[in-house]
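In the working numbering, the protein residues as written are 13 to 187. Where a beta carbon is used, it is the ideal one built from N, C-alpha and C, also for glycine.
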């Protein structure tokens with residue numbers, strides 16, 4: 013007779029104990045990864061139990077502390093971003109430039125010249141495609157971000173997005 017198949021809930025409990033073990037410094041990252049792989053491959057409950065036998069089962073206090081710290085730090089990041097977005101200068105997206113990219117950078121030949129030391133000579137370009145604006149970083153030194161995330165390649169941008177070329181930040185406006 014074959015043992016009953018392990019449930020996802022059983023695996024999830026063990027994985028949470030392993031995550032808590034790492035967070036509390038009781039497991040190294042390598043040990044955590046190894047045990048996690050074993051937990052995902054386990055076929056029986058006793059195999060799962062062996063993976064967490066040396067760890068405390070549930071540390072509600074630690075989970076509450078980590079959860080609270082995570083929530084507070086996330087809130088302060090969102091608050092800082094919201095506060096900053098209201099102070100950002102608007103970058104007005106031009107109308108009727110289909111097919112022609114708007115180059116951004118320090119070079120005077122760019123359509124949008126930004127005279128800031130963190131902006132590359134030819135930093136990025138904005139292009140209107142199919143009714144949408146697409147922002148592409150052109151291999152800039154200090155990067156281009158949209159809403160705090162670094163642009164790798166191209167990304168669609170919208171009215172209200174926060175865009176930064178190096179440290180020169182703006183809030184996009186369609187008009």
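With a contact defined as Cβ atoms closer than 8 Å, residue 171 and residue 158 miss out at about 13 Å. Counting other Cβ atoms within 10 Å of its Cβ, residue 52 stays below 16 and is therefore classed as exposed. In this structure, residue 149 sits near residue 136, with a CB-CB distance shorter than 7 Å.
Taking the CA atoms as reference points, residue 145 sits about 43 Å from residue 42.
Residue 184 is positioned such that its CB atom lies closer than 7 Å to that of residue 175. In this structure, residue 155 sits near residue 162, with a CB-CB distance shorter than 7 Å.
Residue 20 sits in a helix when the DSSP states are folded into three classes.
Using a 10 angstroms sphere on the CB of residue 47, the tally of other CB atoms reaches 16 or more, which defines it as buried.
Of the residues 113, 22, 178 and 63, the one whose Cα lies closest to the Cα of residue 129 is 178. Residue 117 is positioned such that its CB atom lies no closer than 7 Å to that of residue 139.
DSSP lists 125 as the bridge partner or partners of residue 117. Assignment of residue 47 by DSSP, reduced to helix, strand and coil, places it in the helix class.
Distance from the CA of residue 113 to the CA of residue 39, rounded to the nearest whole angstrom, comes to 52 Å.
Per DSSP, residue 65 lies in no alpha helix (DSSP H) and is assigned neither H nor E. Looking at the backbone, the Cα of residue 34 and that of residue 18 are separated by about 24 Å.
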